[in-house]
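J.: Residue numbers (full-length UniProt numbering): 1 to 333. Got a structure for you, written out below as structure tokens; questions coming shortly.
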Amino acid sequence: MYVFKEKPVSRVPALSFTQTGTVELMNISGSSWPEAHINPEKMALLAIEGNRTGGLEAVRIPYCLTILSQAMGCEVNMGTCDIQPSIRSHPATKNIDAIKVPDNLIEKGRISVVLESTILLKETVGDDLPIIVGLEGPATVASHLAGVDNYLIWTMKSIDKLIELLRITTDACIEYANALTDQGADVIVISDGVAGPDLLSPSIFENIMVPEYQRFCRSVKGIKVLHMCGNANPILRSLAACGFDGISVEEKVKDLNYAKSIIGSRVKLIGNISTSGTLLFGSPDNVKSEVFKCLKEGIDVLAPSCGIAPRTPTRNIRAFVQARDEYYSQLLL
1 MYVFKEKPVS
11 RVPALSFTQT
21 GTVELMNISG
31 SSWPEAHINP
41 EKMALLAIEG
51 NRTGGLEAVR
61 IPYCLTILSQ
71 AMGCEVNMGT
81 CDIQPSIRSH
91 PATKNIDAIK
101 VPDNLIEKGR
111 ISVVLESTIL
121 LKETVGDDLP
131 IIVGLEGPAT
141 VASHLAGVDN
151 YLIWTMKSID
161 KLIELLRITT
171 DACIEYANAL
181 TDQGADVIVI
191 SDGVAGPDLL
201 SPSIFENIMV
211 PEYQRFCRSV
221 KGIKVLHMCG
231 NANPILRSLA
241 ACGFDGISVE
251 EKVKDLNYAK
261 SIIGSRVKLI
271 GNISTSGTLL
281 FGSPDNVKSE
291 VFKCLKEGID
301 VLAPSCGIAP
311 RTPTRNIRAF
321 VQARDEYYSQ
331 LLL
């Protein structure tokens, strides 16, 4: 990932920091959900298909935001071939006294599946492709443990309780992330949409999330990226000071020039081709138009704005990479 190491690149990379499993890629690879959530070989094969067939310039696992939460005590509905796993129980709805990082965290639940899949990917792609591994961020794990309603109530009425829970969930994120890098992950990306301005005010974010993100970045080895859902503009300056190497933003961040002026050169800006609109329902020409806009506005890494929807057509994933190539070809004319 030369772009994160201030090394020159001939063109902006085109890849995904968010989930890449689609039904079409499942059918081609023979690795489908929900089996690919629990089988390390299937998980790796599906990730490789995103590069082999889709052209994405990295491999990315896993395909949900429930793995760390499950290891911390949540029950999970494993979903279907086109529905991601989801949380179905919240063990800290009343108090957090029983919540702690398990002594054997990396052996709990499906964490071992992701670790083994990371090893398999490293053995298969080596240094030819970056291996990106995602996990829930501290706020997302906290909201899964407590339930979103309690999480939001605590931001207003029991902030000390929430801060303590976030300390625990950040500890878990750090341990899991470092285990992933030890097994060959090149990039760790945490997704933490429930920490963003859509749910938390910028002042609360500054007070309770920034210290935990800074601690995460100080403690985790390798390249670290944060994916933030919603309109992240009000917190971009704070995010840029956390220590992440990259910030991945949704299409609600409409002016990338403005976003880059806020974060400066401290961190790479990643995004933000619409997944729910353009990639899922648009045409290749629609994809091309958005790609050209992002590149003209100086995006550092071209990526989908969120997890790729399972029913996204492969032609649009290919168009995403091909449009990047066409943009640079036109510059040479």
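Cβ coordinates follow ideal geometry from the N, Cα and C atoms, glycine included.
Which residues bound the alpha helix (DSSP H) around R52?
T.: From DSSP, the alpha helix (DSSP H) with R52 extends over 40 to 52.
J.: On the CB-based measure, 16 or more other CB atoms within 10 Å of its CB, does E251 come out buried or exposed?
T.: Buried: at least 16 other Cβ atoms inside 10 Å.
J.: Cα separation between N178 and G134?
T.: Spanning the two alpha carbons is a distance of roughly 12 Å.
J.: Quick one: what does DSSP say H227 is sitting in, helix, strand or coil?
T.: Reduced to three states, the DSSP call for H227 is strand.
J.: Since K268 is in the beta strand (DSSP E), which residue starts that stretch and which ends it?
T.: Note, K268: beta strand (DSSP E), 268 to 273.
J.: My guess is that V225 and S248 are in contact by the Cβ rule of under 8 Å, so how many angstroms apart are they, rounded?
T.: The Cβ separation is near 6 Å, so the contact holds.
J.: Please identify the residue among R167, A259, A303 whose C-alpha is closest to the C-alpha of R215.
T.: Out of R167, A259, A303, R167 has the C-alpha closest to the C-alpha of R215.
J.: Tell me where the alpha helix (DSSP H) around A261 begins and ends.
T.: Contrary to the premise, residue 261 reads as Ser rather than Ala in this sequence. 256 to 263 is the extent of the alpha helix (DSSP H) around S261.
J.: Would you mind sorting N27 into buried or exposed? The rule is 16 or more other CB atoms within 10 Å of its CB.
T.: With fewer than 16 other Cβ atoms within 10 Å, it is exposed.
J.: Residue range of the beta strand (DSSP E) that L239 falls in?
T.: Where L239 is concerned, there is no enclosing beta strand (DSSP E), although the alpha helix (DSSP H) it sits in stretches over 236 to 240.
J.: Who are T80's beta bridge partners in DSSP?
T.: Answer by DSSP bridge pairing, in chain order: I83.
J.: Ignoring anything shorter than 4 residues or poking outside the segment 146 to 195, list the alpha helix (DSSP H) runs there in chain order.
T.: If we require 4 residues or more, the alpha helix (DSSP H) runs fully inside the segment 146 to 195 come out as 148 to 157, 159 to 182.
J.: Taking the beta carbon of L331 as the centre, do at least 16 other beta carbons fall within 10 Å, making it buried, or is it exposed?
T.: When all chains shown are included, L331 counts as exposed.
J.: Is S248 helix, strand or coil by DSSP?
T.: Residue state, collapsed to three classes: strand.
J.: Counting along the chain, where does the alpha helix (DSSP H) carrying E24 start and finish?
T.: Unbroken alpha helix (DSSP H) run through E24: 23 to 29.
J.: Can you give me the start and stop residues for the alpha helix (DSSP H) that P284 sits inside?
T.: Note, P284: alpha helix (DSSP H), 284 to 296.
J.: For the alpha helix (DSSP H) containing V321, list its first residue and its last residue.
T.: 314 to 331 is the extent of the alpha helix (DSSP H) around V321.
J.: Roughly how far, in whole angstroms, is the beta-carbon of D192 from the beta-carbon of P138, given that I think they are within contact range, below 8 Å?
T.: D192 to P138, Cβ: 7 Å. Contact.
J.: Could you give the residue range of the beta strand (DSSP E) that holds P304?
T.: That run of the beta strand (DSSP E) goes 301 to 304.
J.: Report the partner residues of G137 according to the DSSP bridge assignment.
T.: Its beta-bridge partners do not exist; DSSP assigns none.
J.: Would you mind sorting N257 into buried or exposed? The rule is 16 or more other CB atoms within 10 Å of its CB.
T.: N257 is exposed by the Cβ-count criterion.
J.: Can you tell which of S117, D255, V12, I67 has the C-alpha that lies nearest to the C-alpha of A44?
T.: Of the candidates S117, D255, V12, I67, the one whose C-alpha sits nearest the C-alpha of A44 is S117.
J.: First and last residue of the beta strand (DSSP E) that includes R60?
T.: R60 -> beta strand (DSSP E) spans 59 to 61.
J.: Thinking I270 and A303 are a contact (beta carbons under 8 Å), I'd like their distance in whole angstroms, please.
T.: Rounded, the Cβ-Cβ distance is 5 Å, consistent with contact.
J.: Among the residues of its own chain, which have a CB less than 7 Å from the CB of M78, if the five just before and after it don't count?
T.: Here the set comprises P34, H37, P85.
J.: Give the C-beta separation of A223 and D186 to the nearest angstrom, bearing in mind that I take them to be a contact with Cβ-Cβ under 8 Å.
T.: Reading the sequence as shown, one finds Ile at residue 223 and not Ala. About 6 Å; that satisfies the 8 Å criterion.
J.: Identify the continuous alpha helix (DSSP H) that holds T18 and give its terminal residues.
T.: Run containing T18: none; DSSP gives neither H nor E here.
J.: When you compare each of V76, D198, K296 to S89 by their alpha carbons, which one comes out closest?
T.: Looking at the Cα atoms, V76 is the closest of the given residues.
J.: Give a yes or no on whether the C-beta atoms belonging to P294 and I273 are separated by under 8 Å.
T.: Just to set this straight, residue 294 is Cys in the shown sequence, not Pro. Yes.
J.: The ligand NAD and N39: does any heavy atom of the ligand fall closer than 7 Å to the residue's C-beta?
T.: This structure simply doesn't include the ligand NAD, nor any ligand for that matter.
J.: If the criterion is Cβ atoms closer than 8 Å, does the pair L68 and Y213 meet it?
T.: Not a contact, by the Cβ cut-off of 8 Å.
J.: Do L180 and L115 come within 8 Å of each other at the CB atom, strictly closer than that value?
T.: Against a cut-off of 8 Å, the Cβ pair of L180 and L115 comes out as a contact.
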